[in-house]
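Below is one structure; the comments refer to it alone.
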Amino acid sequence: MAIELPENVVISKLDSLGSWCRKNSLWPMPFATACCGIELMATGASRHDLARFGAEVFRFSPRQCDLMIVAGRVAMKMLPVLQRIWQQMHEPKWCISMGACASTGGVFDTYAVVQGIDRFIPVDMYVPGCPPRPEQLIQAIIDLQDKIQAEGTIGGREFNTFARQQRKRALMELPIIRTPQIVLPNRQGTN
Amino acid sequence: MSSLSKVVASLKERFSEVAESEFRGLTRVVVPQSQCFEALTCLKGEFGFDMLVDLTCVDYLNFRDATDRFGLVYLLASMEDNLRLTVRVMLNEPDLTVPSVVPLWEGANWMEREVWDMFGILFEGHPDLRRILLPEEFEAHPLRKDYPLQGRGERHNFPVLTRGEA
Amino acid sequence: MATTTSPPRPDFAKDAREEDYLWTLNFGPQHPATHTTLRIVLKLDGERVVDAVPDIGYLHSGFEKIGEHLDYNQYVTVTDRMNYISPMANNVAWHHAVETLLGIELTPRCKYIRVIISELARISDHLLSTGAMGLDTGAFTFFLYAFYQREKIYDIFETLCGARFTNSYTRVGGVMHDITPLVVEKIRAFLKDFPKTIDDMEKLLNRNRIFVDRTKGVGILTKEEAINRSCTGPIARASGVTRDVRKDQPYLGYEDFDFQVCCAKAGDCFARYYVRMAEMRESVKILQQAIESIPPGPANIGVDERTTLPTKQQVYQTIEGTITHFELVMANRGFEVPCEEVYAATETGNGELGFYIAGDGSDVAYRARCRPPSFIHFATFPHLIRGHTLSDIVAVLGSLNIIAAELDR
Chain A
70 MAIELPENVV
80 ISKLDSLGSW
90 CRKNSLWPMP
100 FATACCGIEL
110 MATGASRHDL
120 ARFGAEVFRF
130 SPRQCDLMIV
140 AGRVAMKMLP
150 VLQRIWQQMH
160 EPKWCISMGA
170 CASTGGVFDT
180 YAVVQGIDRF
190 IPVDMYVPGC
200 PPRPEQLIQA
210 IIDLQDKIQA
220 EGTIGGREFN
230 TFARQQRKRA
240 LMELPIIRTP
250 QIVLPNRQGT
260 N
Chain B
10 MSSLSKVVAS
20 LKERFSEVAE
30 SEFRGLTRVV
40 VPQSQCFEAL
50 TCLKGEFGFD
60 MLVDLTCVDY
70 LNFRDATDRF
80 GLVYLLASME
90 DNLRLTVRVM
100 LNEPDLTVPS
110 VVPLWEGANW
120 MEREVWDMFG
130 ILFEGHPDLR
140 RILLPEEFEA
150 HPLRKDYPLQ
160 GRGERHNFPV
170 LTRGEA
Chain C
844 MATTTSPPRP
854 DFAKDAREED
864 YLWTLNFGPQ
874 HPATHTTLRI
884 VLKLDGERVV
894 DAVPDIGYLH
904 SGFEKIGEHL
914 DYNQYVTVTD
924 RMNYISPMAN
934 NVAWHHAVET
944 LLGIELTPRC
954 KYIRVIISEL
964 ARISDHLLST
974 GAMGLDTGAF
984 TFFLYAFYQR
994 EKIYDIFETL
1004 CGARFTNSYT
1014 RVGGVMHDIT
1024 PLVVEKIRAF
1034 LKDFPKTIDD
1044 MEKLLNRNRI
1054 FVDRTKGVGI
1064 LTKEEAINRS
1074 CTGPIARASG
1084 VTRDVRKDQP
1094 YLGYEDFDFQ
1104 VCCAKAGDCF
1114 ARYYVRMAEM
1124 RESVKILQQA
1134 IESIPPGPAN
1144 IGVDERTTLP
1154 TKQQVYQTIE
1164 GTITHFELVM
1174 ANRGFEVPCE
1184 EVYAATETGN
1194 GELGFYIAGD
1204 GSDVAYRARC
1214 RPPSFIHFAT
1224 FPHLIRGHTL
1234 SDIVAVLGSL
1244 NIIAAELDR
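Protein chains in written order, with this note's numbering: chain A, 70 to 260; chain B, 10 to 175; chain C, 844 to 1252.
Right under this line is the structure:
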């Protein structure tokens, strides 16, 4: 069945249209704690100009945002705040972990720094570097846009799939450290 | 440096147990715990050390040949004469209490809170001695030498949020 | 600047005890105006701030504990992340303290290089702090002007050492590698261009009605209070304290340069802004003198001294270089460290940044205490804001230039 279409009409799936709209109007929530925050500011400022990718509308209110950029290390005292802000954001939402500290703890392997935010909240994109250059952050946003386009967001079913709820493998291997209680096996009973 | 040596000489005259030393042009005096507030009052009031540059502490648990556990450091400066003086107070385990110097220098307020937070040294008479950098429920004093760098697992004790429940 | 006497403040705290119409507002830790992670619990009477209780530590990362586990060359990477808007100044401050402890005398060329990078760092620090203050009080263009020049300083640093802003450029007894003609050329171009930008920035804000109304007479700190509360740097100088470590205890050969210590008497937010702008001009003066007279000769101390890490060329091509390299990077071999303690301070953009280092003979500091200017300045915040309105908080915070990583460490 052939339908004559005018030249300025494009046919698409509703799903990919929805994704296309979403990916080109990301509203980041800058959770800037440390040095990476300065590079985040530089990304938004004149030379690098994040507006070219439709993601320049920084909103500090989590209710208005759909992309959280965690820039900088997250300390023990800050993590409950981070989790609360993540919960306050509406679906669909994505998270970029910017820099080595947010992704793994970086050089700060100390008592007070969370060793990677992906232990406690879901992360979509990791940006390496200490701090990453603005170009790297822009690349991460472009990659995230591809991911959003591929996801298909109408209905939001993808957030309920089993695979996405799985914790990261690295997380499984690093258990929560508590004070060890050594229990010696009773040798005499076995013999 | 002549006026600084004068200050130290008269300080020694007034407080018997004051010991003096010098390293790389920095003069240090060690004041006994019982006399520290009087000595600091005297330094501020009479010798014009009107600024407390820094207040910190060192834990000498693993230090070679150390006899005392903690050493408080008061870095003083005088604006008028452009002098600097380091005052040390040595503390030992059961009695980790010194009088607060907030009445002398307002700037000591947060510094003393930090020393309490990090080393667990009590400042008597401090207006608001709470933890400052670490959360209230934290139990240890992390800059003590017997506390490990990676902590005791406090950094992992949080609930995990997943996609589904967010 | 003209002297302004602060009007007697009404005793709002006394009213608070008698009346119970106050309400509490939580400000931060994630708030656009704080720029960083700090939290303030405010007691408000309508729009007026009766009391403010800061709650910090949201970025506490255990810097001083790491200092007890990294050696004197390694720890410089961590100082980068301390005051992250002028990392070069922190590098210089750390290694200045280490060299004081080890008793190392730098080469004249190295001193000049360090002066140049610390003055560039001061400019970039002041650009961000005044720019962010302008941004918060509604002058967005001002912020863009400032950030554009910061990008140029980033470029210079990138040419110098390869990193945009976590540079880790200094080493014990020297620098990572010598300054190149290309860097000198870039700094010259920057110095030619930059004063015009300061003129533009001053034209934008100095007589801007909104900005002046929001900052003049707000957050007044008197001279006595500034001294008593241990304030240093531009905060103290805006209150009339004529103190600058560069002048009072010259380090790195600052006594060779002709510059003024910028002071104001008013002690309010506008004075702090004004002092920062004036200090940028003085920094340009120092840079102009330094860049034209960099002494010839080696930048690092010679290989035989066994204090500075040799260059890769020396390591691979000479036997002394190889030996020195191994001596310095092997655990417990490198430096001859006395069992002593020193405090050495430098003047950074934010104030006196000093390190108190205890050495115990090994190549790792026994205690690496940092005297953080932001921490000390933020302690004055409740005093400054009491009695002012809610909207003045951003002006006061902007003028104090609180950097959370330095505040919490």
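We put the CB at the ideal spot given by N, CA and C, even for glycine. Quick caveat: nothing in here was measured; it's all calculated off a predicted structure.
- [ ] Check residue 990 of chain C in the structure and name its three-state DSSP category.
- [x] On the third sequence, position 147 is the one that residue 990 of chain C refers to. Note: residue 990 of chain C maps to helix in three-state DSSP.
TODO: Give a yes or no on whether the minimum CB-CB distance between residue 873 of chain C and chain A is below 8 angstroms.
DONE: Mapped onto the third sequence, residue 873 of chain C falls at position 30. With a threshold of 8 angstroms between beta carbons, residue 873 of chain C makes contact with chain A.
Open item on the list: Counting only C-beta atoms, is residue 16 of chain B closer than 8 angstroms to chain C at any point?
Closed with: Position 7 of the second sequence holds residue 16 of chain B. It does not: the Cβ of residue 16 of chain B has no partner Cβ on chain C nearer than 8 angstroms.
Task: Secondary structure, beta strand (DSSP E): runs of 3+ residues fully inside the region 907-950 of chain C - done: Segments of the beta strand (DSSP E) lying fully in the region 907-950 of chain C: there are none.
Open item on the list: To test your reading of the DSSP string, which unbroken alpha helix (DSSP H) runs of 4 or more residues are found completely within the region 96-149 of chain A?
Closed with: DSSP runs (the alpha helix (DSSP H)) wholly in the region 96-149 of chain A: 104-113.
Open item on the list: Excluding the 5 residues flanking residue 882 of chain C on each side, which residues of the same chain have their C-beta closer than 6 angstroms to its C-beta?
Closed with: Counting from one through the third sequence, the residue named residue 882 of chain C turns up at place 39. So the list reads 871, 872 and 898, once near-sequence residues are dropped.
Open item on the list: Is there a Cβ of chain A sitting closer than 8 angstroms to that of residue 163 of chain B, yes or no?
Closed with: Sequence index remark: in the second sequence, residue 163 of chain B carries index 154 (1-based). The C-beta of residue 163 of chain B comes closer than 8 angstroms to at least one C-beta of chain A.
Open item on the list: My output table needs one value for residue 32 of chain B: the three-state DSSP class, helix, strand or coil.
Closed with: Counting from 1 along the second sequence, the entry for residue 32 of chain B is found at position 23. In the three-state DSSP reduction, residue 32 of chain B falls in the strand class (E or B).
Task: Unbroken stretches of the alpha helix (DSSP H), 4 residues or longer, contained in the region 155-234 of chain A - done: You should have 168-173, 203-220 and 231-234.
Open item on the list: Once the 5 residues before and after residue 1021 of chain C are set aside, which same chain residues still bring their CB inside 7 angstroms of it?
Closed with: Counting from 1 along the third sequence, the entry for residue 1021 of chain C is found at position 178. A distance below 7 angstroms between beta-carbons, with the five flanking residues on each side excluded, links residue 1021 of chain C to the following residues of its chain, in chain order: 1142.
Open item on the list: Could you check whether the region 97-113 of chain A touches the region 73-82 of chain A, counting it as contact only if at least three pairs of C-beta atoms, one from each stretch, sit closer than 8 angstroms?
Closed with: With a cut-off of 8 angstroms, the region 73-82 of chain A and the region 97-113 of chain A do not count as touching, because too few Cβ pairs lie within range.
- [ ] Give me the Cα-Cα distance between residue 1042 of chain C and residue 926 of chain C, rounded to the nearest whole angstrom.
- [x] In the third sequence, residue 1042 of chain C corresponds to position 199, counting from 1. In the third sequence, residue 926 of chain C corresponds to position 83, counting from 1. Each residue's alpha carbon lies about 27 angstroms from the other.
Task: C-beta contact flag for residue 153 of chain B and residue 68 of chain B at 8 angstroms - done: By one-based count along the second sequence, residue 153 of chain B stands at place 144. By one-based count along the second sequence, residue 68 of chain B stands at place 59. In this structure, residue 68 of chain B lies closer than 8 angstroms to residue 153 of chain B by Cβ.
- [ ] Using 10 angstroms around the beta-carbon of residue 969 of chain C, count the other beta-carbons present and answer buried if the total reaches 16, otherwise exposed.
- [x] The sequence position of residue 969 of chain C within the third sequence is 126, counting from 1. With 16 or more other Cβ atoms within 10 Å, it is buried.
Task: For residue 99 of chain B, three-class secondary structure by DSSP - done: By 1-based counting over the second sequence, the position of residue 99 of chain B is 90. Per DSSP, reduced to three states, the secondary structure at residue 99 of chain B is strand.
- [ ] Give the DSSP-derived three-state secondary structure of residue 1051 of chain C in the structure shown.
- [x] Within the third sequence, the letter at position 208 stands for residue 1051 of chain C. Correct three-state label for residue 1051 of chain C: coil.
TODO: Using a cut-off of 9 angstroms between C-beta atoms, extract the partners of residue 179 of chain A located in chain B.
DONE: Position 110 of the first sequence, counted from the first residue, corresponds to residue 179 of chain A. Those within 9 angstroms of residue 179 of chain A in chain B are 151, 158, 159, 160 and 164.
Open item on the list: Give me the residue from C/1038, C/953 and C/913 with the minimum Cα distance to residue 1128 of chain C.
Closed with: Start at 1 with the first residue of the third sequence, and residue 1128 of chain C comes out as number 285. Selected option, being the one with the closest Cα: C/1038.
Open item on the list: Looking only at its chain, what residues have a beta carbon closer than 8 angstroms to the beta carbon of residue 117 of chain A, apart from the 5 residues adjacent to it on each side?
Closed with: If you number the first sequence from 1, residue 117 of chain A lands on position 48. Beyond the five residues adjoining it in sequence on each side, residue 117 of chain A comes within less than 8 angstroms, by CB distance, of 111, 203, 204 and 207 in the same chain, given in chain order.
Open item on the list: Run through chain C and tell me which residues come within less than 9 angstroms of residue 173 of chain A, C-beta to C-beta.
Closed with: Here residue 173 of chain A is taken as the residue at index 104 of the first sequence, counted from 1. Against chain C, the beta carbon of residue 173 of chain A has no neighbour under 9 angstroms; the closest one sits roughly 14 angstroms away.
Task: Where residue 56 of chain B meets chain C, residues with beta-carbon distance less than 8 angstroms - done: Your numbering for residue 56 of chain B matches position 47 in the second sequence. Here the premise fails: no neighbours, minimum Cβ distance about 15 angstroms.
Open item on the list: Does the region 171-187 of chain A come into contact with the region 892-906 of chain C, if we say contact requires no fewer than three beta-carbon pairs (one atom in each stretch) closer than 8 angstroms?
Closed with: The answer is yes - the region 892-906 of chain C touches the region 171-187 of chain A, with three or more Cβ pairs under 8 angstroms.
Open item on the list: I need the straight-line Cα distance from residue 900 of chain C to residue 123 of chain B, nearest angstrom please.
Closed with: Residue numbering aside, residue 900 of chain C sits at position 57 when the third sequence is read from its first letter. Residue numbering aside, residue 123 of chain B sits at position 114 when the second sequence is read from its first letter. About 10 angstroms.
Task: chain B residues whose Cβ lies nearer than 7 angstroms to that of residue 154 of chain A - done: Indexing the first sequence from 1 puts residue 154 of chain A at position 85. Simply none; closest approach about 11 angstroms.
Open item on the list: Could you compute how far the alpha carbon of residue 246 of chain B sits from the alpha carbon of residue 38 of chain B?
Closed with: Here chain B covers residues 10 to 175 and nothing more, so residue 246 of chain B does not appear.
- [ ] Please go through the region 1142-1221 of chain C and give each complete beta strand (DSSP E) segment of 3 or more residues, from N-terminal end onward.
- [x] Listed in chain order, the beta strand (DSSP E) runs fully inside the region 1142-1221 of chain C are 1184-1191, 1194-1202 and 1208-1214, counting runs of at least 3 residues.
Open item on the list: I want to see whether chain C comes within less than 8 angstroms of residue 81 of chain A, judged by CB atoms only; does it?
Closed with: Mapped onto the first sequence, residue 81 of chain A falls at position 12. Not closer than 8 angstroms to any Cβ of chain C, the Cβ of residue 81 of chain A fails to qualify, so no.
- [ ] Could you pull out every residue in the same chain whose Cβ sits closer than 6 angstroms to the Cβ of residue 86 of chain A, ignoring the five residues on either side in sequence?
- [x] As a first step, residue 86 of chain A is located in the first sequence; it is residue number 17 there, counting from the start. Cβ within range, chain order: n/a, list empty.
Task: Neighbourhood of residue 972 of chain C by C-beta distance below 6 angstroms, restricted to the same chain and skipping five residues each side - done: In the third sequence, the residue the question calls residue 972 of chain C occupies position 129. In chain order, 1244 place their CB closer than 6 angstroms to the CB of residue 972 of chain C, counting only its own chain and leaving out the 5 sequence neighbours on each side.
Open item on the list: In the DSSP output, what is residue 177 of chain B paired with across the bridge?
Closed with: Residue 177 of chain B is absent from the structure shown; chain B starts at 10 and stops at 175.
- [ ] Flag residue 113 of chain B as yes if its beta-carbon sits less than 8 angstroms from any beta-carbon of chain A, otherwise no.
- [x] Position 104 of the second sequence, counted from the start, is the residue given in the question as residue 113 of chain B. Residue 113 of chain B does not count as touching chain A.
- [ ] Let me know the secondary structure DSSP gives residue 80 of chain A once reduced to three states.
- [x] What you label residue 80 of chain A is simply residue 11 of the first sequence in a count that begins at 1. In the structure shown, residue 80 of chain A falls within a coil segment according to DSSP collapsed to helix, strand and coil.
- [ ] Give the secondary structure of residue 246 of chain A by DSSP, where H, G and I count as helix, E and B as strand, and everything else as coil.
- [x] Here the question's residue 246 of chain A lines up with position 177 in the first sequence. Reliability of the predicted coordinates at residue 246 of chain A is poor, the pLDDT of 47 falling under 50, and the value obtained from them is presented with this limitation in mind. DSSP places residue 246 of chain A outside both helix and strand once states are collapsed to three, so it counts as coil.
TODO: Can you check DSSP and say which residues form a bridge with residue 106 of chain B?
DONE: By 1-based counting over the second sequence, the position of residue 106 of chain B is 97. The partner list for residue 106 of chain B (beta bridge, DSSP) reads B/131.
Task: residue 238 of chain A (DSSP reduced to helix, strand or coil) - done: Counted from its first residue, the first sequence places residue 238 of chain A at position 169. In this predicted model, residue 238 of chain A has a pLDDT of only 41, less than 50, meaning its place in the structure is not dependable enough to derive any value.
Open item on the list: So if I threshold CB-CB distances at 7 angstroms, which residues from the region 115-143 of chain A count as touching chain C?
Closed with: So the list reads 115, 116, 129 and 142, given in the order they occur along the chain.
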